[in-house]
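J.: The structure that follows is given in the form of structure tokens.
Protein chains: 4
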Amino acid sequence: MAAKEPPAQSGDRPVLGIGMVGYAFMGAAHSQGWRTVGRAFDLPLRPALAAVCGRDAAAVRAAADQHGWAAAETDWRELIARDDVQLVDICTPGDSHAEIAIAALEAGKHVLCEKPLANSVAEAEAMAAAAERARARGQVAMVGFNYRRVPAMAYARRLVAEGRLGALRHVRVCYLQDWLVDPDFPLTWRLEREHAGSGALGDLGAHIVDLAQHVAGERLVGVSALSETFVRERPRLVGAPAGPAAASSMGADPAGGGPAAESGAGAGLPAAGGAGRGPVTVDDAVVFTGRLASGALASFEATRMAAGRKNALRLELNGERGSLAFDLERLNELFFHDHTEPAASAGFRRVLVTEPDHPYLEGWWPPGHALGYEHTFAHQARDLVLAVAAGTEPSPSFADGLQVQRVLAAVERSAADHAAYTPTDGQAPTDVPPAAGPVPPSLTTTPPPSPPPPPPSSAVTA
Amino acid sequence: MAAKEPPAQSGDRPVLGIGMVGYAFMGAAHSQGWRTVGRAFDLPLRPALAAVCGRDAAAVRAAADQHGWAAAETDWRELIARDDVQLVDICTPGDSHAEIAIAALEAGKHVLCEKPLANSVAEAEAMAAAAERARARGQVAMVGFNYRRVPAMAYARRLVAEGRLGALRHVRVCYLQDWLVDPDFPLTWRLEREHAGSGALGDLGAHIVDLAQHVAGERLVGVSALSETFVRERPRLVGAPAGPAAASSMGADPAGGGPAAESGAGAGLPAAGGAGRGPVTVDDAVVFTGRLASGALASFEATRMAAGRKNALRLELNGERGSLAFDLERLNELFFHDHTEPAASAGFRRVLVTEPDHPYLEGWWPPGHALGYEHTFAHQARDLVLAVAAGTEPSPSFADGLQVQRVLAAVERSAADHAAYTPTDGQAPTDVPPAAGPVPPSLTTTPPPSPPPPPPSSAVTA
Amino acid sequence: MAAKEPPAQSGDRPVLGIGMVGYAFMGAAHSQGWRTVGRAFDLPLRPALAAVCGRDAAAVRAAADQHGWAAAETDWRELIARDDVQLVDICTPGDSHAEIAIAALEAGKHVLCEKPLANSVAEAEAMAAAAERARARGQVAMVGFNYRRVPAMAYARRLVAEGRLGALRHVRVCYLQDWLVDPDFPLTWRLEREHAGSGALGDLGAHIVDLAQHVAGERLVGVSALSETFVRERPRLVGAPAGPAAASSMGADPAGGGPAAESGAGAGLPAAGGAGRGPVTVDDAVVFTGRLASGALASFEATRMAAGRKNALRLELNGERGSLAFDLERLNELFFHDHTEPAASAGFRRVLVTEPDHPYLEGWWPPGHALGYEHTFAHQARDLVLAVAAGTEPSPSFADGLQVQRVLAAVERSAADHAAYTPTDGQAPTDVPPAAGPVPPSLTTTPPPSPPPPPPSSAVTA
Amino acid sequence: MAAKEPPAQSGDRPVLGIGMVGYAFMGAAHSQGWRTVGRAFDLPLRPALAAVCGRDAAAVRAAADQHGWAAAETDWRELIARDDVQLVDICTPGDSHAEIAIAALEAGKHVLCEKPLANSVAEAEAMAAAAERARARGQVAMVGFNYRRVPAMAYARRLVAEGRLGALRHVRVCYLQDWLVDPDFPLTWRLEREHAGSGALGDLGAHIVDLAQHVAGERLVGVSALSETFVRERPRLVGAPAGPAAASSMGADPAGGGPAAESGAGAGLPAAGGAGRGPVTVDDAVVFTGRLASGALASFEATRMAAGRKNALRLELNGERGSLAFDLERLNELFFHDHTEPAASAGFRRVLVTEPDHPYLEGWWPPGHALGYEHTFAHQARDLVLAVAAGTEPSPSFADGLQVQRVLAAVERSAADHAAYTPTDGQAPTDVPPAAGPVPPSLTTTPPPSPPPPPPSSAVTA
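Protein chains in written order, with full-length UniProt numbering: chain A, 1 to 462; chain B, 1 to 462; chain C, 1 to 462; chain D, 1 to 462.
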């Protein structure tokens, strides 16, 4: 926000009217992003917080007032229909994404949709198709994988793209939280398959699949998974509706959440006495391994049961020329090892990603002044506004979101099929070639040739 | 910002009109704080960004537009006179603080003044006296020691106040930056005594003196100091006025700065060729030791010459029952050692200060979601608005700022007098009792009794 | 070594004569352990370095002199036959373990055998059977999983056994090295299946399987694995024999190695020109997931291709009441999170495992004085001597080593069978029950009941 | 110990007979060093543990047996007189150093003396003079500043000497322990001035003064100090003699100690009831600042009252081209920042100082295999044996030890004189030039010119 060069009078710039559906945790974070982006960055369009939508009229009115939205709506179809809304920002649970997003695109609006894109591959396919059609009309559609916009992650991707890591050998990612450790944490909608789609997998796993592919610049081709629900019954909520269909919980959202996020959803209280316990129908945790297109080995873990880990999204990449490591709990830091240096003075260096030439830092503070979680939403808004203004495909697109959805589906299929290695492109597991690598001669056939590293131009997204 | 309970309609609340003087680094940070505070916290008054002031009409107009101020002024006296301004926020260099603050207070306005309070003890005394008079009229005046509002620091103070550390033995603080390492970094106003007052001492040292006293809950009674200017001449700026009197640099400000901060001041470029070099008249670095009221030993260091350290404000306290450690480059973390535990399982624990019951966290995100530097300004605004509404003395008050100024002056006197131990209350160094502790019998007289620890009620500020 | 209480005259104690086979990296480490153990610990027997064995007479004579062995032998059968040898310590590559160990046991000697116990399950079964027979005659046999004797790991096991972690949810272990990153690192015996058995799996994976089970106090019941050989051909060694059958490389050994370890094996130099490249027939890396007996999810990774990671054996356990984390590169530290504390002051605490009441610390220095890698061999020697003197089963026994071998074999089978979940007890993969946890209703049958946590008495080893 | 090249038959090499005085903590550590050095390093002389000395015949006999000394003596004069002793290793408290060392040197023996060299400058001067005379006769004398031999510190010195840091700006060192936090820790000889000379200053401060100068390659020219004894009375020991004159406590030693070290001294128990408390006559803690010859600012802290810090010797150097940071609690790691790199990818890198070309690593294990505290004694023994064999001056020499002693004396004088800046060369404080740097014009005269950086050849020691 250091006004190096006063921008042209932003008051003269065209307005981009935003309409947001949902107003809980994600809604608050997106609101902060939209309010701030034009202050920090010099944009060709001026985002305006036109209207917010939720089913409970009083609550949405209060949320509009708190977060700075000019109007409130109680029907998302009305929101989409507003003339002052050019971009629809969807912050609801996953089971409503497809319907809202497709309607908005068909109404000619740009769309930002929270992750995961949908609760099923079929929904995601319909959304990607709608985005493709809208793209031809000049509309843009983006998925809210906001962690791509942590400056350290954007810088990590740059280092990989510049070849500083060389051929990749390993990708190692986990996303550890602990808000389900307590067996008496109540049965919210996030723990019900019909509303949330899946548990840690869709909530946390979607983030790390996208982020790992984004930073690595290549995609997972197959996975092998185990998943678990450690606490199979939890106290039912009393005085709260069962799912997100209820008014106030429209505001609930599927981002990496936890207790505080839930409390924004008018979640009620755990049942005392007679209400009893109900079944948890999603996973508490999932671990999976896989291979990237280049042949690199990958390991993933997503859990809500890692006591003491609050938001530990950790990523490490090892390549022939260098390595990178990151922990979201220290989001201003990136650890980089340059393996081409003399061994005596080499080591993982802690780069404080707050320098002027780091991604997104032109908008912020002097070196060493930390950014936080919410900045990712301002960065996401920046990139989306630039895409709208330029008429270019945003990243991650709905097609990218669909690809992540396919990976998640492959993880679920593998977990249901004795961890069998499962391709991410929808083929049946039986079509998979045998695992590469050293196996006893009696058990293996000719090993497949090691795939060549992808050319730089094969990056996942622009 | 997780709207646990929708606040009452904030639109109905009384407005508190803010008028800000200066609009560079600190101005941008304060603007973000004022814009955000009412979104994150449920406040009795609604802050409104009424007007911003700077001498260059076009530049201040652009800044108003960028940062969201409703109006722009070019004369701070006009700003103070505005009816829609009830609180004047001073973000200018130190040499203008006294004049503006006193005028604002005398005009009946509340005041927030950036640190250090002034460039001299005399100015600070006049300001504290003005604040005292205004206090009787119901006005409030606060100094911008924003690092008190890092949640980890507010929580550290709470732990100390609760007795978790017991009698203090050591306070160890440094503030390390590196933006002057390059000998060709130009001669900005921050390096000129007549404008900046001092160098690292006033800029960084003021922060750590205040913060250490605030967390420890007690004050420095004497100091011994060495200071140094390693690079005594630097390239003059070409095409830029010499000091902050120039229009655009009114916006410059004295907060923990660095290159990016300077660039907001329309700083021009280092001279090539004939313009040559000019003398640096402030310190690059200062190291000092001291004693707290309880007898604890303290050590301080403030420098702009620590290569690789960007914003390393590090603080450690050791007490009879426990210890605390902190690093501003990892501002969401506080390290706490409980010395009353069995040794086998004891150790510094890393507390992620993002839990709902940590200070200020009621306004933000779920556990583990990092806050950043700028949040301290929203927290500062929150506490100031609450003080205005309640009519209570804010903390840190101008009296607190004056006390810090006296410590800085004692540091300068000691540095000029062979590091002689110098009391912080303005007495002459010769009045100092001999250093306590073990000295050869031939050199010492009866050691002074160890002072008793202060009662809990003797905390520096409320 | 702080002589708190001078022990009884150790000169009067019975001697335990040691005969060691192999004298390279592991031989040097074991020698240091045997020389030191009686100085640091008060033992009932006095270990004496009786004789060392290798095939090259001059080289073994030099090694004996360097490492302090009284005699040298060139035939291990002669070593076993010596009257002054009561314990045979086997530090050779895995393909000779079975023959030497069984002969030594049948000759009435105690045995310490480096890990992994053998190169196949069949060999390990024969060895365990021989140990069982010898046990009836009062002999003891131990496998050299020395990392169990890192004080932090022994203390971690104690914390788990005391219930400080509660029911386990996750075990997360990796062992990362980088000495194969360079594609021109030569083709040593460690990269040839016929001598080494496997690659990273047997060398590093064996350590982490044993260590994870030991600390967790329970065993893996099934695994799913992917493995890879990234560099499939490497330069042949010139002027060096092909395998460990050559004299000097008898001293080579299978412990967590790297370049320096190789150089002790008289390894020759990579071929220039005509000698060309030969095939690597073991894995460079393996990743696998699994389930423990209690139902906890586990993930493992062993690799020699993680640029910048030198000896990063990292282990984390998450339970319902707490968590533990460890990194062998910082082996004096254990991180412990107590989840039963108030969230506001909870966090992973860094315990410096150098206190007098930490395991093995009675033999060493004051708190805070670091131990190193080689201390694990003194600790191993201590525990083995105590077992010999008391006639009790040492831990890890050959039966424990066999169980690890079965896990490694299951990993290899799974890697060869599309990562299919494979039980560790030798059953065919098709007998595996479907993966527990949340899968789409159409894909799953009734989920198996979550297994109860094992009673504390079910610990793997004493 | 990896036997890369089997050394020549060490059995044929000349023996260097060692005689050690004292056998507690330091005696145990030195014994381990002497036993191990010839196993790890290829030396021209073979150190033999000839005899150990203490006043209690039974205890010294037991110590000899435990630590591997061939003979035991009860009078150090007898030890010196032995024909099989060529080098006398002094591990007693400081008050006996001068007498023993001078006698040994005059008897024609080489000497290794624990730090600090003496309890006073006068003693140290006599010792340095004796060493100078002995030097002419081909004898060598070394002071036991073992931390110079931590590989990371030796490597740090190399980086500085190579110019990787450029002109130094800051040296920041502390040595934090916590064994006196408990006010009921008893009154051992270490807390009595007549035996220990000083408290934290001589014990810990001596280490950091020497280490900082050694790594920086330049010396302190002046200091300003505060010291404190927080707990002025402690329980007297019952059933133990008052000082180290008693037989068993001859074995006590002055190295960075703590509770466990004390217990080796036959320390008795704190008094219950009538015995009461006695005065502590040394410092618990000292903080001091200073200037190096090049003009760099330095800050030091030594304390036994930092709860939770066990052996935290921390050192940071900042120069114009780079920085270094180190913590003895993680002694295998050195953090290095190269300030000549592009800011975007620069940062402190963690170098694991275990590579083959790091200092002393030729004797040990593959990369990543940690060394510990005691290795420093083997390294010290190595360098001393090489100096004996080559007839060269060892480092640190007694002259170096004397210089450190002068710094400590200047610290004590400053602490007794209101922290007045005190030169380290023995001049009176009044001769000190005014502090350099920026002071108000009215208070200062012409600032002294910044001293030029010393030429590389001006390194403190070879």
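Ideal Cβ positions, reconstructed from N, Cα and C, are used throughout, including at glycine.
Span of the alpha helix (DSSP H) holding leucine 384 of chain C?
T.: Taking the third sequence and counting its residues from 1, the one referred to as residue 384 of chain C is at position 384. 375-390 is the extent of the alpha helix (DSSP H) around leucine 384 of chain C.
J.: Between the alpha carbons of glycine 257 of chain D and arginine 304 of chain D, how many angstroms are there, rounded?
T.: Here residue 257 of chain D corresponds to residue number 257 of the fourth sequence, with the count starting at 1. Here residue 304 of chain D corresponds to residue number 304 of the fourth sequence, with the count starting at 1. With a pLDDT of 32 at glycine 257 of chain D, under the threshold of 50, the modelled position of that residue is not reliable, and the figure given next carries that caveat. Cα to Cα, glycine 257 of chain D sits roughly 10 Å from arginine 304 of chain D.
J.: Report the rounded CA-to-CA distance for glycine 68 of chain A versus methionine 142 of chain B, giving the unit in angstroms.
T.: Here residue 68 of chain A refers to the residue found at position 68 when the first sequence is read from its first residue. Here residue 142 of chain B refers to the residue found at position 142 when the second sequence is read from its first residue. Approximately 28 Å between the Cα atoms of the pair.
J.: What residues from the region 161-183 of chain D come within 9 Å of chain B, judged by C-beta to C-beta, listed N to C?
T.: Within the region 161-183 of chain D, the residues whose Cβ lies closer than 9 Å to some Cβ of chain B are Leu165, Gly166, Ala167, Arg169, His170, Arg172, Cys174, Leu176, Asp178, Val181, Asp182 and Pro183, listed in chain order.
J.: Relative to chain B, which residues along the region 353-373 of chain A have a C-beta separation below 7 Å, given in chain order?
T.: Per Cβ criterion, the list reads Thr354, Pro356, Trp365, Pro366, Pro367, Gly368, His369, Ala370, Leu371, Gly372 and Tyr373.
J.: By how many angstroms is the C-alpha of tyrosine 373 of chain B removed from the C-alpha of histidine 170 of chain D?
T.: Counted from its first residue, the fourth sequence places residue 170 of chain D at position 170. Counted from its first residue, the second sequence places residue 373 of chain B at position 373. About 26 Å.
J.: From the DSSP secondary-structure annotation, give me the bridge partner or partners of cysteine 91 of chain C.
T.: The residue given as residue 91 of chain C occupies position 91 in the third sequence. Answer is none; cysteine 91 of chain C lacks a bridge partner.
J.: Residues of chain A with CB closer than 7 Å to the CB of valine 21 of chain D, please, in chain order.
T.: Position 21 of the fourth sequence holds residue 21 of chain D. Within 7 Å Cβ-Cβ: nothing; valine 21 of chain D doesn't reach chain A, min ~38 Å.
J.: Just the Cα atoms here: how many angstroms apart are proline 6 of chain C and alanine 59 of chain D?
T.: Start at 1 with the first residue of the third sequence, and residue 6 of chain C comes out as number 6. Start at 1 with the first residue of the fourth sequence, and residue 59 of chain D comes out as number 59. Only weak support is given to the placement of proline 6 of chain C: the predicted model assigns it a pLDDT of 43, under 50, and the value that follows is read from those uncertain coordinates. Cα to Cα, proline 6 of chain C sits roughly 7 Å from alanine 59 of chain D.
J.: Can you find the residues in the same chain that come closer than 7 Å, C-beta to C-beta, to alanine 200 of chain D, ignoring five residues on each side of it along the sequence?
T.: Translated into the one-based positions of the fourth sequence, residue 200 of chain D becomes position 200. Counting only Cβ-Cβ distances below 7 Å, and skipping sequence neighbours, we find Asp283, Asp284, Ala285, Val286, Ala302, Thr303 and Arg304.
J.: Could you give the DSSP three-state label for histidine 170 of chain B: helix, strand or coil?
T.: Walking along the second sequence from the start, residue 170 of chain B turns up at place 170. DSSP places histidine 170 of chain B in strand when its eight states are reduced to three.
J.: Given a limit of 7 Å on CB to CB distance, which residues of the region 307-333 of chain A reach chain D?
T.: Per Cβ criterion, the list is empty.
J.: Could you check which residue in A:Val209, A:Thr289 and A:Glu393 has the C-alpha nearest to that of glutamine 403 of chain A?
T.: Position 403 of the first sequence, counted from the start, is the residue given in the question as residue 403 of chain A. Measuring from the Cα of glutamine 403 of chain A, the nearest candidate turns out to be A:Val209.
J.: Checking contacts by CB at 8 Å: is phenylalanine 336 of chain D closer than that to chain C?
T.: Within the fourth sequence, residue 336 of chain D is the residue found at index 336, counting from 1. No - not a single Cβ of chain C is within 8 Å of the one on phenylalanine 336 of chain D.
J.: Spatial neighbours of alanine 378 of chain C within its chain, please: CB distance less than 7 Å, with the 5 preceding and 5 following residues excluded, ordered by chain position.
T.: Position 378 of the third sequence, counted from the start, is the residue given in the question as residue 378 of chain C. Closer than 7 Å at Cβ, skipping near neighbours: Gly33, Thr36, Val37 and Ala40.
J.: Would you list the residues sitting across from serine 397 of chain D in a DSSP beta bridge?
T.: Within the fourth sequence, residue 397 of chain D is the residue found at index 397, counting from 1. In DSSP, serine 397 of chain D forms a bridge with D:Met142.
J.: Does aspartate 327 of chain A come out as helix, strand or coil in the three-state DSSP assignment?
T.: Counted from its first residue, the first sequence places residue 327 of chain A at position 327. Strand at aspartate 327 of chain A.
J.: Who pairs with serine 299 of chain B in a beta bridge, going by DSSP?
T.: On the second sequence, position 299 is the one that residue 299 of chain B refers to. Answer by DSSP bridge pairing, in chain order: B:Arg172 and B:Thr289.
J.: Could you tell me which residues DSSP pairs with glutamate 73 of chain A in its beta bridges?
T.: Locating residue 73 of chain A in the first sequence gives position 73, where the first residue counts as 1. Partner(s): A:Cys53.
J.: Classify valine 15 of chain A: buried if its beta carbon has 16 or more other beta carbons within 10 angstroms, exposed otherwise.
T.: As a position in the first sequence, residue 15 of chain A is number 15, starting the count at 1. So valine 15 of chain A counts as exposed.
J.: Are there 16 or more other CB atoms within 10 angstroms of the CB of threonine 392 of chain C, so buried, or fewer, so exposed?
T.: Position 392 of the third sequence, counted from the first residue, corresponds to residue 392 of chain C. Answer is exposed; the Cβ neighbour count stays below 16.
J.: For the region 139-157 of chain B against the region 354-371 of chain B, do three or more pairs of beta-carbon atoms, one drawn from each stretch, fall closer than 8 Å, so that the two count as touching?
T.: At 8 Å Cβ cutoff, the stretches touch.
J.: Quick one: any contact between the region 310-318 of chain C and the region 172-185 of chain C, if contact means 3 or more CB pairs under 8 Å?
T.: The region 310-318 of chain C is in contact with the region 172-185 of chain C.
J.: Near alanine 370 of chain B, which residues of its chain fall below 6 Å by C-beta distance, leaving aside the five closest residues on each side in sequence?
T.: Indexing the second sequence from 1 puts residue 370 of chain B at position 370. Asn332, listed in sequence order.
J.: At what residues does the beta strand (DSSP E) containing leucine 334 of chain D begin and finish?
T.: Position 334 of the fourth sequence holds residue 334 of chain D. Leucine 334 of chain D -> beta strand (DSSP E) spans 333-338.
J.: In the DSSP assignment, the alpha helix (DSSP H) including leucine 226 of chain B goes from what residue to what residue?
T.: The sequence position of residue 226 of chain B within the second sequence is 226, counting from 1. Premise fails: leucine 226 of chain B lies in the beta strand (DSSP E), 220-228, not in any alpha helix (DSSP H).
J.: Just verifying my parser: in three-state terms, what is the DSSP assignment at arginine 61 of chain B?
T.: Within the second sequence, residue 61 of chain B is the residue found at index 61, counting from 1. Looking at arginine 61 of chain B - three-state DSSP - the assignment turns out to be helix.
J.: Quick one: measure Cβ to Cβ for valine 52 of chain A and alanine 64 of chain A, integer angstroms, because I've assumed they're closer than 8 Å.
T.: Locating residue 52 of chain A in the first sequence gives position 52, where the first residue counts as 1. Locating residue 64 of chain A in the first sequence gives position 64, where the first residue counts as 1. About 5 Å; that satisfies the 8 Å criterion.
J.: Distance check for arginine 149 of chain B and histidine 30 of chain B, CA to CA, integer angstroms please.
T.: Walking along the second sequence from the start, residue 30 of chain B turns up at place 30. Walking along the second sequence from the start, residue 149 of chain B turns up at place 149. Cα to Cα, histidine 30 of chain B sits roughly 13 Å from arginine 149 of chain B.
J.: Cβ of histidine 207 of chain D within 8 Å of Cβ of tyrosine 147 of chain D?
T.: In the fourth sequence, residue 207 of chain D corresponds to position 207, counting from 1. In the fourth sequence, residue 147 of chain D corresponds to position 147, counting from 1. Yes, the pair counts as a contact, with Cβ atoms nearer than the cut-off.
J.: Put leucine 187 of chain C into one of helix, strand or coil per three-state DSSP.
T.: For the purposes of this step, residue 187 of chain C is identified with residue 187 of the third sequence, where counting begins at 1. Looking at leucine 187 of chain C - three-state DSSP - the assignment turns out to be coil, as it is neither helix nor strand.
J.: For leucine 165 of chain D, which residues of its own chain have a beta-carbon under 8 Å away from its beta-carbon, when the five flanking residues on both sides are left out?
T.: Sequence index remark: in the fourth sequence, residue 165 of chain D carries index 165 (1-based). Excluding sequence neighbours, leucine 165 of chain D sits near Leu159, Leu317, Asn318, Gly319, Glu320, Arg321, Gly322, Ser323 and Leu324.
J.: Beta-carbon within less than 6 Å of asparagine 119 of chain C's beta-carbon, same chain only, minus the 5 sequence neighbours each way: which residues are those?
T.: Within the third sequence, residue 119 of chain C is the residue found at index 119, counting from 1. Gly94, Asp95 and Gly197, listed in sequence order.
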